[in-house]
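Participant: Submitted below is the structure of interest, expressed as structure tokens.
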Amino acid sequence: MTTDADSPDSTPIRVLVAKPGLDGHDRGAKVVARALRDAGMEVIYTGIRQTAEMIVEAALQEDVDVVGLSSLSGAHMTLFPRVLDGLRARGLGHMIVIAGGIIPAEDAEALRAAGIAAIFGPGTSTETIVAWLRDEVPRRRAER
Amino acid sequence: MIDGVLARDRAAVARALSAIERDPAGPLAAALHRHGGRAHIVGVTGVPGAGKSTLVAALIGAWRGAGRTVGVLAVDPSSPLSGGAILGDRVRMDAGPPDDGVFIRSMANRGAAGGLALAASGAVRVLDAAGYDVVVVETVGAGQSEVEIADEAHTTVVVVPPGLGDGVQALKAGILEVADVFALNKADLPGADRAAAQIEAMLKLGHTLRDPAWQPPVVRTVATDGDGVGDLVAAIDGHAAHLRSGGGAGWRARERARAYAELRRLVVARFTADVFGEGGARPAAIEALVDALVAREIDVGEAAEGVLKARGKD
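Note that the protein sequences, when read in sequence, are chains W and S.
For the first sequence, numbering that gives the first Met the number 0 begins at 0 and goes up steadily by one.
For the second sequence, numbering that gives the first Met the number 0 begins at 0 and goes up steadily by one.
Have a look at this one:
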């Protein structure tokens with residue numbers, strides 16, 4: 000296949016928004032999903048109570064640029080690294096993984112070290128997230 | 000990537016779907032086209048809220064139970080304002096642990112009319128070449144006129160919820176006419192009997208059946224608890240058997256309809272891009288004709304003639 004002919008950068012940014020773990024509070028995730036949609040992105044919303052395995056498989060099938068993880072249950076230190084490991088194991092290490100929800104500062108440090116590209120805590124404006132993605136995704140696409 | 004698709008390597012299938020969405024008529028489509036033609040392509044359409052995604056989830060379970068592999072293309076609308084989309088069909092379809100025999104892909108229609116995406120045929124080509132036994136295409140929530148699915152699928156399932164009342168009457172000129180199988184979903188709710196009776200009465204009138212030799216069955220389902228899903232699978236299989244019976248003339252007719260529709264969509268898209276320009280820059284000749292039209296110097300028929308004459312000269 001000739002990949003140079005189909006200019007990947009002209010296609011909408013695709014983002015998987017997932018909520019791993021058992022908390023059912025997806026309001027924040029839905030607000031973010033809608034903001035990304037309004038910014039012209041294609042958002043695949045998977046719903047609540049996803050296992051890391053399900054999120055990795057969905058990211059693979061949907062061929063997304065970005066995986067956004069949200070957790071309010073405190074389980075982020077186990078679940079987020081599991082998603083990162085799963086993506087790498089399936090050859091999807093190029094996908095940008097970002098996180099939102101309630102994540103204490105000391106955990107944020109460790110998650111960044113594990114490979115979470117950005118963490119957007121409570122109070123982050125959706126404009127900030129959109130701007131960050133518009134900057135980061137073309138760069139990552141160009142590297143592939 | 001082609002070898003990966005043919006071996007049903009899911010990462011390769013996923014990348015091929017992205018590539019074909021960018022270029023539905025490129026070299027990848029050409030290479031995969033030679034390998035397709037095995038899958039039973041099942042379209043699922045119906046009004047928003049009819050329970051299409053939940054029913055597809057139940058169908059996936061039934062087909063998997065029978066040892067058949069399933070590829071799903073779930074189409075949702077793009078926002079006409081931003082071009083973005085929220086694709087939420089996985090919420091209902093992707094409930095269990097990952098299964099090697101199921102592949103679900105969400106697709107935004109990127110502004111295409113008719114309930115499908117322009118690249119839907121290309122995506123079906125990928126899933127067919129990957130060897131999924133059944134390829135399901137779920138359309139955007141469709142009402143009266145989104146009948147394109149009938150030219151994409153071998154078998155079109157129209158999902159109808161009870162309680163539409165006279166709304167069923169309003170449907171009849173549109174998607175009801177393209178149904179090969181009706182799924183009367185949410186059949187445990189009040190009004191199911193009436194809705195089934197309305198559909199059956201309409202079918203008895205015999206108006207404009209697409210295939211005079213096939214009387215579309217009306218199957219009652221409750222997708223959320225699996226009731227009637229086995230019957231629905233049997234009805235879908237029955238329609239495939241009908242198409243393949245008598246030497247397979249029906250199947251070939253559907254294949255021709257699919258090929259024609261895809262060709263037409265592609266040529267119309269190219270022609271439109273050719274005439275009106277791609278992206279933002281509109282040809283100056285067209286702008287001049289629009290000005291003349293607004294100034295009432297010419298009429299719309301003359302303007303259209305002018306556009307067609309000016310094609311390619313800009």
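Idealized CB from N, CA, C, for every residue including glycine.
Just to confirm, are M40(W) and G83(S) a CB contact at a threshold of 8 Å?
Facilitator: As a working mapping, residue 40(W) is identified with position 41 in the first sequence. As a working mapping, residue 83(S) is identified with position 84 in the second sequence. Yes; because the gap between Cβ atoms is below 8 Å, this pair is in contact.
Participant: Could you check the C-alpha separation between A57(S) and D37(W) for me, to the nearest Å?
Facilitator: For the purposes of this step, residue 57(S) is identified with residue 58 of the second sequence, where counting begins at 1. For the purposes of this step, residue 37(W) is identified with residue 38 of the first sequence, where counting begins at 1. Between the alpha carbons of A57(S) and D37(W) lies a gap of roughly 32 Å.
Participant: Of all the options D93(S), G100(S), A152(S), A94(S), which has the alpha carbon lying nearest to the alpha carbon of A122(S)?
Facilitator: Walking along the second sequence from the start, residue 122(S) turns up at place 123. Nearest C-alpha to A122(S): A152(S).
Participant: Output yes or no for whether 8 Å exceeds the beta carbon distance between A119(S) and P161(S).
Facilitator: Position 120 of the second sequence, counted from the start, is the residue given in the question as residue 119(S). Position 162 of the second sequence, counted from the start, is the residue given in the question as residue 161(S). Their beta carbons are not under 8 Å apart, which means A119(S) does not touch P161(S) by this criterion.
Participant: If you measure between the beta carbons of T155(S) and A128(S), is that distance less than 8 Å?
Facilitator: Within the second sequence, numbered from 1, the residue matching residue 155(S) stands at position 156. Within the second sequence, numbered from 1, the residue matching residue 128(S) stands at position 129. No. Outside cutoff.
Participant: Within the same chain, show all residues whose beta-carbon is closer than 7 Å to that of H24(W), passing over the 5 residues directly before and after it, in chain order.
Facilitator: Position 25 of the first sequence, counted from the start, is the residue given in the question as residue 24(W). Once the five neighbours on either side are set aside, the close Cβ partners of H24(W) are L71.
Participant: Specify the secondary structure class of M106(S) as computed by DSSP and reduced to three states.
Facilitator: Within the second sequence, numbered from 1, the residue matching residue 106(S) stands at position 107. It is a strand residue.
Participant: Just to confirm the assignment, what range does the alpha helix (DSSP H) spanning T155(S) have?
Facilitator: For this step, residue 155(S) is matched to residue 156 along the second sequence. Taken as a continuous stretch (DSSP letters only), T155(S) belongs to no alpha helix (DSSP H), being part of the beta strand (DSSP E) at 154-159.
Participant: How would you write the range of the beta strand (DSSP E) that H39(S) sits in, first residue to last?
Facilitator: Counted from its first residue, the second sequence places residue 39(S) at position 40. That run of the beta strand (DSSP E) goes 39-45.
Participant: Might you give, ordered along the chain, the residues of its own chain that have their beta carbon closer than 8 Å to the beta carbon of R124(S), omitting 5 neighbours on each side?
Facilitator: Sequence index remark: in the second sequence, residue 124(S) carries index 125 (1-based). Within its own chain, the residues whose Cβ lies closer than 8 Å to the Cβ of R124(S), once the five positions on either side in sequence are excluded, are I19, A28, L31, H32, G35, listed in chain order.
Participant: Taking CB distances under 8 Å as the criterion, tell me whether G82(S) reaches chain W.
Facilitator: The residue labelled residue 82(S) in the question sits at position 83 within the second sequence. Yes, because at least one Cβ of chain W sits closer than 8 Å to the Cβ of G82(S).
Participant: So that I know if they touch, is there some Cβ in chain W lying closer than 8 Å to that of G87(S)?
Facilitator: Sequence index remark: in the second sequence, residue 87(S) carries index 88 (1-based). So yes, G87(S) belongs to the interface.
Participant: Which partner residues of I118(W) appear in the DSSP bridge assignment?
Facilitator: Indexing the first sequence from 1 puts residue 118(W) at position 119. DSSP, once it has assigned bridges, lists A98(W) as partnering I118(W).
Participant: If you count every other CB in all the chains shown that lies within 10 Å of the CB of Q197(S), and 16 or more means buried, which is it?
Facilitator: Along the second sequence, read from residue 1 onward, the residue named residue 197(S) stands at position 198. Classification of Q197(S): buried, given that the 10 Å Cβ count is 16 or more.
Participant: Using 8 Å for Cβ pairs, my map puts F181(S) next to V218(S). What's the rounded Cβ distance?
Facilitator: For the purposes of this step, residue 181(S) is taken as the residue at position 182 of the second sequence. For the purposes of this step, residue 218(S) is taken as the residue at position 219 of the second sequence. With 8 Å as the limit, F181(S) and V218(S) qualify as a contact, their Cβ atoms being about 7 Å apart.
Participant: Which two residues bound the contiguous beta strand (DSSP E) that contains L15(W)?
Facilitator: Taking the first sequence and counting its residues from 1, the one referred to as residue 15(W) is at position 16. Start and end: 13-17.
Participant: What does DSSP give as the partner residues of A234(S) in its beta bridges?
Facilitator: Along the second sequence, one-based indexing puts residue 234(S) at 235. Paired residues: none, contrary to the question.
Participant: So, under 8 Å CB-CB, V101(S) and V134(S) are touching, yes? Tell me the CB distance rounded to an integer number of Å.
Facilitator: Within the second sequence, the letter at position 102 stands for residue 101(S). Within the second sequence, the letter at position 135 stands for residue 134(S). Their Cβ separation, rounded to whole angstroms, is 12 Å, which puts V101(S) and V134(S) out of contact at 8 Å.
Participant: Tell me whether S72(W) sits in a helix, a strand or coil according to DSSP, three-state version.
Facilitator: Translated into the one-based positions of the first sequence, residue 72(W) becomes position 73. Looking at S72(W) - three-state DSSP - the assignment turns out to be coil, as it is neither helix nor strand.
Participant: Any C-beta of chain W sitting closer than 8 Å to the C-beta of V90(S)?
Facilitator: Residue mapping note: residue 90(S) aligns to position 91 of the second sequence, counting from 1. V90(S) counts as touching chain W.
Participant: Is DSSP giving A182(S) helix, strand or coil here?
Facilitator: Indexing the second sequence from 1 puts residue 182(S) at position 183. A182(S) falls in the strand class under three-state DSSP.
Participant: Measuring CA to CA, which of A11(S), V41(S), K51(S), I85(S) is closest to L15(W)?
Facilitator: Taking the first residue of the first sequence as position 1, residue 15(W) is located at position 16. Taking only the C-alpha atoms, the option nearest L15(W) is I85(S).
Participant: To test your reading of the DSSP string, which unbroken beta strand (DSSP E) runs of 3 or more residues are found completely within the region 209-282 of chain S?
Facilitator: 217-219
Participant: Could you round the C-beta distance between P23(S) and L115(S) to whole angstroms and report it? I think they count as a contact, below 8 Å.
Facilitator: Working through the second sequence from its first residue, we reach residue 23(S) at position 24. Working through the second sequence from its first residue, we reach residue 115(S) at position 116. In fact, because the Cβ distance is near 12 Å, the residues do not count as touching under 8 Å.
Participant: Which one of L80(S), R91(S), V74(S), R63(S) has the shortest CA to CA distance from L54(S)?
Facilitator: Translated into the one-based positions of the second sequence, residue 54(S) becomes position 55. By alpha-carbon distance to L54(S), the top candidate from L80(S), R91(S), V74(S), R63(S) is R91(S).
Participant: Contact between the region 103-110 of chain W and the region 126-138 of chain W: three or more CB pairs below 8 Å?
Facilitator: no
Participant: Mind checking V293(S): buried by the 16 CB within 10 Å criterion, or exposed?
Facilitator: Your numbering for residue 293(S) matches position 294 in the second sequence. It is exposed - the Cβ of V293(S) has fewer than 16 other Cβ atoms within 10 Å.
Participant: Would you report the Cα separation of H75(W) and I118(W), rounded to the nearest angstrom?
Facilitator: Along the first sequence, one-based indexing puts residue 75(W) at 76. Along the first sequence, one-based indexing puts residue 118(W) at 119. Taking the straight line joining both Cα atoms gives about 12 Å.
Participant: What residues from the region 20-46 of chain W come within 8 Å of chain S, judged by C-beta to C-beta, listed N to C?
Facilitator: A32, R33, L35, R36, D37, A38, G39, M40, E41, V42, I43, Y44, T45, G46
Participant: Which residues of chain S have a Cβ atom closer than 8 Å to the Cβ of G90(W), listed in chain order?
Facilitator: Translated into positions along the first sequence, residue 90(W) becomes position 91. Per Cβ cutoff of 8 Å: A10.
Participant: Beta-carbon separation of I89(W) and A256(S) under 8 Å?
Facilitator: Residue numbering aside, residue 89(W) sits at position 90 when the first sequence is read from its first letter. Residue numbering aside, residue 256(S) sits at position 257 when the second sequence is read from its first letter. Per the sequence presented here, residue 89(W) reads as Arg, with Ile not at that position. Taking 8 Å as the Cβ cut-off, R89(W) and A256(S) do not qualify as a contacting pair.
Participant: In three-state terms, what does DSSP make of D22(W)?
Facilitator: Locating residue 22(W) in the first sequence gives position 23, where the first residue counts as 1. Of the three classes helix, strand and coil, the one that applies to D22(W) here is coil, per DSSP.
Participant: Quick one: using the 10 Å Cβ neighbour count with 16 as the cut-off for buried, is D2(S) buried or exposed?
Facilitator: On the second sequence, position 3 is the one that residue 2(S) refers to. Burial call: exposed.
Participant: When you check each C-beta in the region 48-74 of chain W against every C-beta of chain S, which residues fall closer than 7 Å?
Facilitator: E52, M53, E56, A57, L59, Q60, E61, D62
Participant: Return no unless some Cβ of chain S is closer than 8 Å to the Cβ of T10(W).
Facilitator: Your numbering for residue 10(W) matches position 11 in the first sequence. Answer yes: the Cβ-Cβ gap between T10(W) and chain S drops below 8 Å somewhere.
Participant: Quick check for students: name the residue ranges of the alpha helix (DSSP H) that lie wholly in the region 51-117 of chain S, counting only runs of 4 or more.
Facilitator: Runs found: 51-64, 89-92.
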